[in-house]
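Remarks on the structure that follows.
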Amino acid sequence: MIPPKELLKKTPPFSYLTEDEIDEIINSMEINAFEEGETIIPKNTVPGQIFYIYTGRVLIKNDHEEILSSGELFPISTIMSENDYFDADAVAIEDTVCYIFEKQLIKKVAFKNSRFKKFFEVFREKKFSELAFDKAIEEVFLKPVSVLISRPPVTCYPSYSVKDAAEVMLKNRVGSVVVTGGGKLSGIFTDTDLKRAVSQKDIDAPVSDYMTQNLITSEIEDPVFEAYVKMMENGITHLVITRNGNLEGVISIKDILSIFEPFAKIVRLYAEMRRAKDFAEMKEIFGEVKREIKVLALRGLSFKDLSRMISSIYDWTYVKVLVELSEEFSLKKSFSWINMGSSGRREQIIATDQDNAVITENGLPEDFLEDVNDALDYIGIPKCRAGYMAVKWHYTIDEWKKMFSEWFSNTTPKNLRLLTVFLDMRHMFGDKKLYDELFDHILEIKNKQTMRFLALDAVALEPPIGFFGIKDLEKGIDLKKHAIYPIVNAVRVFAIDNNIQEPNTLARISHLIDVFGESRAEELKESFEYIQNLRLKHQIKSGDNVIKYDELEKLDVAILRESLKIIKNFQKFVKSYYGVDRI
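The opening position of the sequence shown corresponds to residue 1 in the UniProt record's numbering, with each subsequent residue numbered one higher.
Here you go:
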């Protein structure tokens with residue numbers, strides 16, 4: 001049996017505690033065994049304790065029955081309140097052992113430890129993205145310094161002259177050399193020391209006269225943040241890294257700042273992209289952009305920030321290609337280039353293909369449209385496998401109006417599918433008046449019956465949440481299909497029904513607060529962002545949207561379960577609002 005302290009130190013939120021804080025909690029902890037069928041917390045009581053399941057399973061029985069297992073806490077949402085009732089029965093469904101903590105002690109420790117406190121507030125207020133952000137920051141700050149070592153250390157002997165040491169630095173393109181002698185670390189000679197020697201015209205002096213002695217070092221597994229603090233406290237720009245006292249490498253303040261300032265490289269690449277002379281140069285830079293986006297995702301940048309960044313780069317890529325080819329074809333005809341799908345909603349992440357169409361006044365050369373789609377594909381935005389591209393979807397404004405009128409009046413499965421695609425359209429380039437005219441037409445012809453059918457279609461994909469928690473999580477669930485689409489599709493229906501032109505899901509929810517209510521709107525946004533963050537992190541590592549139980553931490557399982565419950569409740573609201581159970 002693992003000692004309770006060692007077990008809890010690896011389990012959020014207890015892993016956020018200091019040694020003294022966790023000792024305080026452990027010293028007052030009780031352990032209790034509950035037999036199968038025994039009620040641990042009765043419904044509609046104010047719990048005075050919090051339970052950590054060591055072994056066994058517990059049924060939380062209310063309108064949304066779920067089963068908790070080893071490593072999970074309950075009742076989390078009541079901890080930061082004096083009078084919150086627990087609206088469920090907590091019943092052991094097999095012999096169960098729990099660690100039990102007094103609520104007042106948990107609250108006392110929480111008010112001393114902000115991260116510990118935030119954990120409980122997140123579940124009470126369902127601010128899941130805050131916890132995800134904290135986790136991302138932790139992943140950056142607590143990474144071992146070994147991740148910053150990019151090459152073997154460069155060394156020289158104490159007898160080397162300043163000139164010799166400078167030549168070694170120049171040859172190896174480094175800003176410092178570690179001075180070693182007699183099997184020991186004697187000091188470090190940096191570019192600052194070199195400037196000092198040169199200013200005194202003393203380049204033939206031994207490097208030992210100018211090196212920094214009494215080395216400040218960090219061990220290879222020390223966290224990055226600790227190394228940063230050492231450098232700040234000692235006013236140094238280079239830090240020697242050792243493994244059991246032996247030289248392993250050198251890191252600089254620039255290395256550390258590079259992970260604390262993740263946007264720097266992507267901004268530089270964006271600027272280079274704007275200056276690119278041709279499509280070949282754009283292709284090369286775009287490849288770097290995609291690689292850097294993956295790096296940023298692995299460093300914990302949120303979906304919201306990354307999608308905004310990716311949208312800006314993709315949008316500008318589209319515009320540059322369209323400008324170049326419009327000039328090449330000497331186009332004088334008016335048109336509006338539109339994007340749909342995740343690009344239209346400004347929600348694209350790594351694996352984003354083309355979803356585009358064109359609204360024209362009097363048509364466009366098909367060669368032009370084909371060249372645009374080909375150029376985008378060449379640069380790095382793949383063609384749409386479903387065929388939603390301008391080379392196929394290019395019609396005059398009158399033809400578009402007729403098609404939308406047909407789709408809204410004849411609600412076949414195919415027409416409903418086309419509506420879900422094109423109702424996310426966003427003007428990208430050209431004459432926006434054409435886009436606005438078409439959107440105004442859509443708002444004029446929409447009707448209650450079609451909106452009900454779109455609502456029915458939106459709730460067809462249900463979140464996999466049931467009696468035993470998240471269904472089929474061991475085999476894997478598709479986050480895009482069963483968690484993201486149910487929000488995107490339903491929110492789209494409400495947006496169009498309420499004459500909202502904005503295609504972005506989070507922005508649409510903000511516009512719909514009066515319809516959803518503030519609480520539901522905030523819960524939806526938090527769930528959407530959290531699931532998108534989870535999907536992004538998984539997609540970077542695995543390249544797909546299917547996530548399994550063994551790929552998740554206990555904390556992620558808990559938040560995912562809460563998010564899926566919110567989506568399920570939202571679908572009930574959609575069904576009730578549009579009366580789709582009666583269709």
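C-beta atoms are modelled at their ideal positions from N, C-alpha and C, and glycine is treated no differently.
Remember, it's a predicted structure, so these values are computed and weren't measured experimentally.
For Y388 versus V421, is the C-beta distance shorter than 8 Å?
Cβ distance < 8 Å, so Y388 and V421 count as in contact.
Give the list of continuous beta strand (DSSP E) stretches no shorter than 3 residues that lie fully inside the UniProt domain "Cyclic nucleotide-binding" (13 to 118).
List check, beta strand (DSSP E) in window: 30 to 34, 39 to 41, 49 to 55, 58 to 61, 66 to 68, 89 to 92, 96 to 102.
For L524 and Y530, I'd like the C-alpha separation in whole angstroms.
Using only the alpha carbons, I get a separation of about 10 Å.
Rounded to the nearest angstrom, what separates Y485 and E366 at their Cα positions?
So the alpha carbons of these two residues sit roughly 33 Å apart.
Going by DSSP in three states, D202 sits in which element: helix, strand or coil?
DSSP places D202 in coil when its eight states are reduced to three.
By how many angstroms is the C-alpha of F408 removed from the C-alpha of R561?
Computed Cα separation, rounded: 36 Å.
Can you give the Cα-Cα distance for S252 and R535, rounded to whole angstroms?
Straight-line Cα distance between these residues: approximately 33 Å.
Could you check the C-alpha separation between F133 and S302 for me, to the nearest Å?
Its pLDDT being 48, under 50, F133 is placed unreliably in this model, and the value from its coordinates should be taken loosely. If I take the Cα positions, the gap works out to 7 Å.
Return the first residue and the last residue of the beta strand (DSSP E) that G341 is part of.
Where G341 is concerned, there is no enclosing beta strand (DSSP E), although the alpha helix (DSSP H) it sits in stretches over 341 to 344.
With a Cβ-Cβ cutoff of 8 Å, do P42 and D89 count as a contact?
Cβ distance < 8 Å, so P42 and D89 count as in contact.
Three-state secondary structure (DSSP) at K265?
It is helical.
What separation, rounded to the nearest whole angstrom, lies between the Cα atoms of L73 and V488?
Going by the C-alpha atoms only, they are around 31 Å apart.
In whole angstroms, give me the CA-to-CA distance for Q449 and K107.
Each residue's alpha carbon lies about 52 Å from the other.
Using the Cα positions of T11 and S70, report the straight-line distance between them to the nearest angstrom.
One C-alpha to the other measures close to 11 Å.
DSSP three-state call for R426: helix, strand or coil?
In this structure, R426 counts as strand in the three-state DSSP scheme.
Would DSSP call K471 helix, strand or coil?
In this structure, K471 counts as coil in the three-state DSSP scheme.
Let's see if you can read the secondary structure: which residues bound the alpha helix (DSSP H) around Y549?
Run containing Y549: none; DSSP gives neither H nor E here.
Count Cβ pairs between the region 359 to 378 and the region 314 to 328 that sit closer than 8 Å; are there 3 or more?
Yes, the region 359 to 378 is in contact with the region 314 to 328.
Using three-state DSSP, classify S330 as helix, strand or coil.
In this structure, S330 counts as coil in the three-state DSSP scheme.
Could you tell me the distance, in whole angstroms, from the CA atom of H441 to the CA atom of L306?
Computed Cα separation, rounded: 33 Å.
Measure the C-alpha to C-alpha separation of Y210 and G235 and round it to an integer number of angstroms.
For Y210 and G235, the distance between alpha carbons rounds to 17 Å.
For the beta strand (DSSP E) holding H394, just list the boundary residues, first then last.
Unbroken beta strand (DSSP E) run through H394: 394 to 396.
Using the Cα positions of K282 and P144, report the straight-line distance between them to the nearest angstrom.
The residue asked about is misnamed: residue 282 is Met in this sequence, not Lys. Roughly 35 Å between the two C-alpha positions.
Kindly say whether L443, judged by its beta-carbon, lies nearer than 8 Å to any beta-carbon of chain B.
Here there is only one protein chain, and chain B is not present.
Using the three-state DSSP reduction, which class does E502 fall into: helix, strand or coil?
E502 falls in the coil class under three-state DSSP.
Using the DSSP secondary-structure output, state which residues sit across from V178 in a beta bridge.
V178 is bridged to T155, I188.
Should E444 and I397 be called a contact, given that it needs their Cβ atoms to be closer than 8 Å?
In this structure, I397 does not lie closer than 8 Å to E444 by Cβ.
Does the beta-carbon of S114 have 16 or more other beta-carbons within 10 angstroms, so that it is buried, or is it exposed?
Result: exposed.
Sort out for me which residues DSSP pairs H238 with in a bridge.
Bridge partners of H238: S252.
Assuming F286 and I203 make a contact with CB atoms under 8 Å, what is their CB distance in whole Å?
In fact, because the Cβ distance is near 46 Å, the residues do not count as touching under 8 Å.
Nearest-angstrom Cα distance between A521 and G341?
Spanning the two alpha carbons is a distance of roughly 22 Å.
Does DSSP put T360 in a helix, a strand or coil?
It is a strand residue.
Is it buried or exposed, M232, if we count other Cβ atoms within 10 angstroms and call 16 or more buried?
Exposed, since its Cβ has fewer than 16 Cβ neighbours within 10 Å.
Does the region 471 to 478 come into contact with the region 425 to 438, if we say contact requires no fewer than three beta-carbon pairs (one atom in each stretch) closer than 8 Å?
These segments do not touch.
What are the complete alpha helix (DSSP H) segments, minimum 4 residues, inside the region 433 to 496?
Runs of the alpha helix (DSSP H) inside the region 433 to 496: 448 to 458.
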